[in-house]
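>
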Amino acid sequence: YATPKAFYEALKEAGGTPGENMTMDNKETTHVTGSKLDISVNWQGAAKAYSFDEVIVDSNGKKLDMRFGGNLTAAEEKKTGCLVCLDSCPVGIVSNATYTYGAVEKRGEVKFKGNASVLPADNTLATVTFKITE
111 YATPKAFYEA
121 LKEAGGTPGE
131 NMTMDNKETT
141 HVTGSKLDIS
151 VNWQGAAKAY
161 SFDEVIVDSN
171 GKKLDMRFGG
181 NLTAAEEKKT
191 GCLVCLDSCP
201 VGIVSNATYT
211 YGAVEKRGEV
221 KFKGNASVLP
231 ADNTLATVTF
241 KITE
């Protein structure tokens, strides 16, 4: 578990650059920027560490483009506790540049679900690792 502030600071300490390009006004027309991240998921008994693309299924078949968006001020103001969003989000510390805000819930452009063929049983403790790639 990490707070948005601790997560943000850890990504910066690891050499990440926050995009800081998302606002409440531009959220539905802007793709998040910032350092690109590879995210992997592992758990006891897993065959390997799985990439986010292997554990999350995009209904459009697109790859996730996870970015260090930043947004610490908004995260602290909104107090959502969000760390990772699956569309470009003005509040999440990390979000997916593949889609603009609202693609999932408001406009229904995409649906995400877990890949049951690789994910463990519910309530299995998993480790999520974030690696800065550019």
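Numbered per my numbering, the sequence shown spans residues 111 to 244.
Note that beta-carbon positions come from the ideal geometry of N, C-alpha and C, so glycine has one too.
How far does the alpha helix (DSSP H) with ASP163 in it reach, from first residue to last?
162-165
> Which one or two residues does DSSP pair with ALA236 in a beta bridge?
TRP153
> Classify HIS155: buried if its beta carbon has 16 or more other beta carbons within 10 angstroms, exposed otherwise.
Correcting the residue type first, residue 155 is Gly in the shown sequence and not His. So GLY155 ends up on the exposed side.
> Tell me which residues share the same chain as ASP148 and place their Cβ nearer than 6 Å to its Cβ, disregarding the 5 neighbours each side in the sequence.
LYS241, THR243
> Going straight from the alpha carbon of GLY212 to that of ASN131, what length do you get?
16 Å
> Can you give the Cα-Cα distance for GLY144 and SER198, rounded to whole angstroms?
11 Å
> Using a Cβ-Cβ cut-off of 7 Å (strictly less than) and excluding sequence neighbours within five positions of VAL228, which residues of its own chain qualify?
Only residues of its own chain outside the window of five on either side were considered, and among them TYR160, GLU164, VAL165 have a CB closer than 7 Å to the CB of VAL228, listed in chain order.
> For LEU147, does the three-state DSSP call read helix, strand or coil?
strand
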